[in-house]
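S.K.: Numbering (the working numbering), first residue to last: 397 to 736. Provided herewith is a single structure, encoded as structure tokens, for subsequent inquiry.
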Amino acid sequence: MDSEDRLLLRALRREPLARPPVWLMRQAGRYLPEYQEVRRQAGGFLELVKNPELSAEVTLQPIRRYGLDASIVFSDILVPLEAMGMELRFDERGPSFPTPLRTDDDVERLRPLDPAASLGYVGETLERVRAGLPDEVALIGFCGAPFTLASYAIEGGTGRSFLELRPFMYHRTAAFERLMDLLADAVGRHLVYQVEHGAEVVMLFDTWAGTLTPEDYRRFALPWARRALEHVGDRVPRLVFVHGGGHLLDEVAGLPAEGLALDHRIPIGAAFDRYGDRLALMGNLDPAALLSTREDVARRTRAILDAVHGRPGHVLNLGHGVLKTTDPANVAALVEAARA
Ligand code: CP3
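In structure tokens:
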């Protein structure tokens, strides 16, 4: 099979299809017992990410279990910050950077990213995954968007009210812009590096940009997301996800990308009316719906398919990642409903 014929690639070119491709954000992860087993073997999450053999294995687990149409390389948006010189830890409470960026000098100490030198394990995982994937399954690479990475670097972890990030942005604007310049090139290079190692689609995750007003999004986030995506150019299709970004869709739709991922709060039919003539749209079942019954999962999946009504460019997915308490049988119900 020609890689161009893979269902996800065809959907991103907005070709008419008999059914939409289906894959899920965080399809590999803690809700799968086979993932828990390999993670234990690796000794921790970061150890797992840095072990290409085991990372490739957990990337392939949901493909074997469900026969999904796309695979996303098992890694994390935060590893480029570690590769730029920031100590990174993961524990039960999530990720943390014990020495966050607080001064202009801290920003100057970051190293520009050289993915081949410091993120070689991601390239190796991609190659192993491609070798183990069925021919018809597409392979996705990803990165965090510059704004979301800056929020982790300045907050030192997952922000609640962003009481460090916001003053940094407003009062140390020159240092913030310098940081965003560094991050935009790091993200761009990391995406290109992944394409060189087998990624056929790239996805940019802007998890925290949805906390901004449209004006601040245009001022503090959008130009650098654009710059990162421009590094990729027309090498492969680009997907952008701004979690909680319903109020930013017009801005996000203007980025150089072929597809937008919608969170569950956005009515997908209306998004197709507005953007469907020029963009592919991915989404957008509420991840919490997978905590309901199988019948309800199937019903809500059909509701999304009805709202899209067979328009080209649809990729069926969740509106955010699979939650850790999800019953694996409910994921199967989603996939079955998508195929029916
Ligand atoms: O299957 C996949 O989707 C691919 C792998 C993937 C992971 N993280 C693995 C992971 C992807 C695409 C990500 C992206 C990511 N990481 C984002 C953007 C998407 C989003 O969720 O908004 C963010 C913000 C992160 C940072 C991060 N990594 C957090 C906040 C956490 C802790 C919270 C949580 O869900 O546990 C992680 C850990 C993480 N990344 C896990 C996985 C499977 C859980 C780790 C574990 O304990 O095994």
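In this text, a Cβ means the ideal position worked out from N, Cα and C, and glycines have one as well. Note that the coordinates shown come from a computational prediction; the quantities given were computed from them, not determined experimentally.
Quick one: is the Cβ of MET421 within less than 7 angstroms of any heavy atom of the ligand CP3?
M.R.: The answer is yes for MET421.
S.K.: My guess is that VAL718 and TYR517 are in contact by the Cβ rule of under 8 angstroms, so how many angstroms apart are they, rounded?
M.R.: With 8 angstroms as the limit, VAL718 and TYR517 do not qualify as a contact, their Cβ atoms being about 23 angstroms apart.
S.K.: Using C-beta distances below 8 angstroms, list every residue in its chain close to VAL469, excluding the 5 sequence neighbours before and after it, in chain order.
M.R.: Taken in chain order, the residues that qualify are SER451, THR455, VAL518, THR521, LEU522, VAL525, LEU535, ILE536, GLY537, PHE538, GLN590 and ALA595.
S.K.: Whole alpha helix (DSSP H) runs in the segment 549 to 619 with 4 or more residues, listed along the chain?
M.R.: If we require 4 residues or more, the alpha helix (DSSP H) runs fully inside the segment 549 to 619 come out as 561 to 567, 569 to 592 and 610 to 616.
S.K.: Please classify LEU559 as buried or exposed, where buried requires at least 16 neighbouring CB atoms within 10 angstroms.
M.R.: Flag for LEU559 reads exposed.
S.K.: DSSP three-state label for ALA725, please.
M.R.: DSSP places ALA725 in helix when its eight states are reduced to three.
S.K.: Could you tell me how far apart the beta carbons of LEU737 and MET482 are, in whole angstroms, since I believe they sit closer than 8 angstroms?
M.R.: With the chain running from 397 to 736 in the structure shown, residue 737 is simply not present.
S.K.: Rounding to the nearest angstrom, what Cα-Cα distance links PRO412 and GLU611 in this structure?
M.R.: Between PRO412 and GLU611, the C-alpha separation is close to 36 angstroms.
S.K.: If you reduce the DSSP assignment to three classes, tell me which class LEU714 lands in.
M.R.: Three-state result, LEU714: strand.
S.K.: Using the three-state DSSP reduction, which class does ARG426 fall into: helix, strand or coil?
M.R.: It is coil, neither helix nor strand.
S.K.: Short of 8 angstroms in beta carbon distance, which residues of its chain neighbour GLU449, apart from the five on each side in sequence? Order them along the chain.
M.R.: ARG524, listed in sequence order.
S.K.: Taking only heavy atoms of the ligand CP3 into account, decide whether any of them is closer than 7 angstroms to the Cβ of ILE490.
M.R.: Residue identity check: residue 490 is Gly in the sequence provided, not Ile. Result yes, Cβ under 7 angstroms from the ligand CP3.
S.K.: Does the separation of the CB atoms of ALA466 and PRO417 fall below 8 angstroms?
M.R.: Cβ distance < 8 angstroms, so ALA466 and PRO417 count as in contact.
S.K.: Taking the alpha helix (DSSP H) that ILE700 belongs to, which residues open and close that run?
M.R.: Element bounds for ILE700: 690 to 704.
S.K.: Here's the rule: buried if 16 or more other CB atoms are within 10 angstroms of the residue's CB, otherwise exposed. What is HIS567?
M.R.: That one is exposed.
S.K.: If I measure Cβ to Cβ from PRO511 and keep anything under 6 angstroms in the same chain, skipping five residues before and after, which residues do I get?
M.R.: Here the set comprises ARG585, HIS586 and TYR589.
S.K.: Please report the straight-line C-alpha distance between ALA685 and MET421, rounded to a whole angstrom.
M.R.: Cα-Cα distance, rounded: 14 angstroms.
S.K.: Between ASP692, GLU691, GLY706 and PRO652, which lies nearest to ASP669 when the distance is taken from Cα to Cα?
M.R.: Ranking the options by Cα distance to ASP669, first place goes to GLY706.
S.K.: Looking at the ligand CP3, does it come within less than 7 angstroms of ARG435, judged from the CB to the closest heavy atom?
M.R.: Within the cutoff, so yes.
S.K.: Which whole-angstrom value describes the C-beta separation of LEU681 and GLY715, a residue pair presumed to lie in contact below a C-beta threshold of 8 angstroms?
M.R.: Contact holds; Cβ gap of about 6 angstroms.
S.K.: Express the C-alpha separation of GLU433 and ASN726 in angstroms, rounding to a whole number.
M.R.: Straight-line Cα distance between these residues: approximately 20 angstroms.
S.K.: If I follow the unbroken alpha helix (DSSP H) through PRO491, where does it start and stop?
M.R.: Taken as a continuous stretch (DSSP letters only), PRO491 belongs to no alpha helix (DSSP H), being part of the beta strand (DSSP E) at 490 to 492.
S.K.: Should ASP646 be listed as close to the ligand CP3, given that the test is whether its C-beta is under 7 angstroms from any heavy atom?
M.R.: ASP646 Cβ: outside cutoff for every heavy atom of the ligand CP3.
S.K.: Do PHE486 and the ligand CP3 come close, with the Cβ less than 7 angstroms from some heavy atom?
M.R.: For the ligand CP3, at least one heavy atom lies less than 7 angstroms from the Cβ of PHE486.
S.K.: Once DSSP output is grouped into helix, strand and coil, what is the label at VAL525?
M.R.: In the structure shown, VAL525 sits in a helix (DSSP, three-state: H, G or I).
S.K.: Quick one: what does DSSP say PHE637 is sitting in, helix, strand or coil?
M.R.: Three-state result, PHE637: strand.
S.K.: Please name the residue in LEU701, GLY440 and TYR431 whose C-alpha comes closest to that of PRO663.
M.R.: The option with the nearest alpha carbon to PRO663 is LEU701.
S.K.: To the nearest angstrom, how far is it from the Cα of LEU474 to the Cα of LEU484?
M.R.: Distance between the alpha carbons of LEU474 and LEU484 is about 8 angstroms.
S.K.: Heavy atom of the ligand CP3 less than 7 angstroms from the Cβ of ILE468, yes or no?
M.R.: The answer is yes for ILE468.
S.K.: Using three-state DSSP, classify ARG737 as helix, strand or coil.
M.R.: Here the chain has residues from 397 to 736 only, and residue 737 is not among them.
S.K.: Apart from the five residues just before and just after ASP500, which ones in its own chain have a Cβ nearer than 7 angstroms to its Cβ?
M.R.: Within the same chain, ASP500 has close Cβ partners ARG568 and ALA571.
S.K.: Classify SER514 as helix, strand or coil using the three-state DSSP reduction.
M.R.: Helix at SER514.
S.K.: Which partner residues does ASP487 have in the DSSP bridge list?
M.R.: Paired residues: GLY490.
S.K.: Taking only heavy atoms of the ligand CP3 into account, decide whether any of them is closer than 7 angstroms to the Cβ of LEU675.
M.R.: No, Cβ of LEU675 sits at least 7 angstroms from all heavy atoms of the ligand CP3.
S.K.: Could you compute how far the alpha carbon of GLN457 sits from the alpha carbon of LEU464?
M.R.: Cα to Cα, the separation comes out at about 10 angstroms.
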